[in-house]
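The sequence shown begins at 200 in this note's numbering and counts up one residue at a time. Here a beta-carbon is modelled for each residue, glycine too, at the ideal position from N, C-alpha and C. Below is one structure, written out as structure tokens; comments come after it.
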Amino acid sequence: MPGARLEIRDLKKSFLHGGQVIEVLKGIDLTVEPGEMVAVIGASGVGKSTLLHVLGTLDTPSSGTLHFDGQEVGRLSPRALAGFRNRSIGFVFQFHHLLPEFTAAENVALPAMIGGQTRAGALATATNLLEQVGLSHRLTHRPGELSGGEQQRVALARALVTEPRLLLADEPTGNLDSVTGAEMHALFVALNEQRGMTMIVVTHNADLAQRMPRRIRMVDGRLQDVAGAAA
Ligand SMILES: Nc1ncnc2c1ncn2[C@@H]1O[C@H](COP(=O)(O)OP(=O)(O)OP(=O)(O)O)[C@@H](O)[C@H]1O
Ligand SMILES: [Mg+2]
């Protein structure tokens with residue numbers, strides 16, 4: 200299935216904190232075509248994670264619209280939204296959020312099981328994905344028995360298990376050494392090419408961002424396209 204098309208219009212997000220309104224997203228306009236791979240860069244605290252949470256429907260915007268393949272997600276009921284999110288969006292966060300009491304294979308299989316797949320089917324898919332990220336020898340390890348880079352790869356496999364049409368990644372290489380980070384990045388590029396999924400990747404790593412086909416910088420709650428990405 201091809202990647203999702205995203206259309207974001209005048210998206211705003213404020214937080215109320217200690218009686219004060221903090222405006223974080225001040226009017227985001229962005230169109231991402233199916234299969235596009237976009238890097239989001241910008242200073243710490245500028246709102247990159249907030250944007251990913253809103254795009255991933257984990258948080259609601261204060262105003263503005265988000266269309267996913269022409270459908271406005273803000274109009275979905277909470278129940279429909281949860282199903283849509285499980286089916287259509289994969290997340291890779293900086294701090295994995297793997298469940299410590301489950302094995303690598305079980306962690307990867309869980310979203311598929313929540314989506315209605317049988318345990319056996321989900322585990323078979325999970326095993327396949329873990330092979331693809333180079334972890335076929337770590338299927339039964341628990342997160343505490345894996346290195347940081349291995350945990351990050353498990354998190355990527357977990358994000359892929361439902362074959363999402365949109366992959367959102369927040370600093371997926373943030374706590375990896377440069378070699379492992381570059382490998383992880385290469386994996387994202389390969390997945391993007393093989394599967395054609397739309398990808399939005401927040402990164403502080405200028406080298407990796409430089410290698411992405413499209414880069415967007417967040418400044419003062421708004422987005423700017425950065426020209427001249429390297430091939
Ligand atoms: N729930 C919240 N309540 C109040 N303020 C918040 C909340 N979540 C985020 N913020 C504020 O919004 C701003 C943007 O946060 P966000 O996490 O999106 O930044 P970021 O660009 O991802 O930064 P980093 O690169 O450090 O991860 C920050 O100043 C943060 O303090
Ligand atoms: Mg962040």
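Backbone secondary structure at residue i - three-state DSSP
i: V360; result: coil
i: F294; result: coil
i: H340; result: coil
i: A426; result: coil
i: A368; result: strand
i: Q316; result: coil
i: V332; result: coil
i: D258; result: coil
i: G226; result: strand
i: V445; result: Outside the displayed span of the chain (200 to 430) sits residue 445, for which this structure offers no information.
i: G347; result: helix
i: T302; result: coil
i: V353; result: helix
i: V245; result: coil
Delimiting residues of the beta strand (DSSP E) encompassing residue i
i: G263; result: 262–267
i: F214; result: 205–216
i: A238; result: 236–240
For residue i: DSSP bridge partner residues
i: A323; result: None; A323 has no bridge partner.
i: R421; result: V418
i: E271; result: H266
i: V401; result: V239, D369
i: G413; result: In the sequence as displayed, the identity of residue 413 is Arg instead of Gly. In the DSSP output, where bridge partners are listed per residue, R413 has V237.
i: V231; result: L205
i: Q219; result: H216
Bounding residues of the alpha helix (DSSP H) (the contiguous stretch that carries residue i)
i: F387; result: 377–394
i: G282; result: 277–287
Residues near residue i by beta carbon distance below 7 Å, same chain, minus five either side
i: A430; result: Annotation note: pLDDT 40 at A430 (below 50); position unreliable, no value reported.
i: G218; result: none
i: Q351; result: H295, P371, L375, M383
i: K212; result: V223, L224, T249, V253, P260, S261
i: L215; result: none
Whole-number beta carbon distance between residue j and residue i, since they are thought to touch under 8 Å
i: L359; j: A304; result: So it is not a contact: roughly 14 Å between Cβ atoms.
i: V401; j: F387; result: 12 Å between Cβ atoms; not a contact.
Neighbourhood of residue i by C-beta, 6 Å cutoff - its chain only, sequence neighbours within 5 removed
i: H336; result: none
i: E271; result: T264
i: G395; result: P201, G202, G234
i: V220; result: S213
i: I207; result: I227, L229, L265
i: Q293; result: D369, E370, G373
Sequence-distant residues of the same chain with beta carbon closer than 8 Å to residue i, five excluded per side
i: L322; result: A304, E305, A308
i: P259; result: It should be noted that the sequence gives Thr, not Pro, for residue 259. For T259, where only same-chain residues beyond five positions count, the Cβ hits under 8 Å are V253, G273.
i: N284; result: Note that residue 284 corresponds to Arg in the displayed sequence, not to Asn. Contacts found: G255, T256, L257.
i: R318; result: A308, M312
i: I415; result: L229, V237, A238, V239, I240, L422, Q423, D424, V425
i: G246; result: K212, V223, L224, M417, G420
Cutoff 9 Å: residue i Cβ touching any chain D Cβ
i: T324; result: The chain inventory of the structure shown lacks chain D, comprising one protein chain alone.
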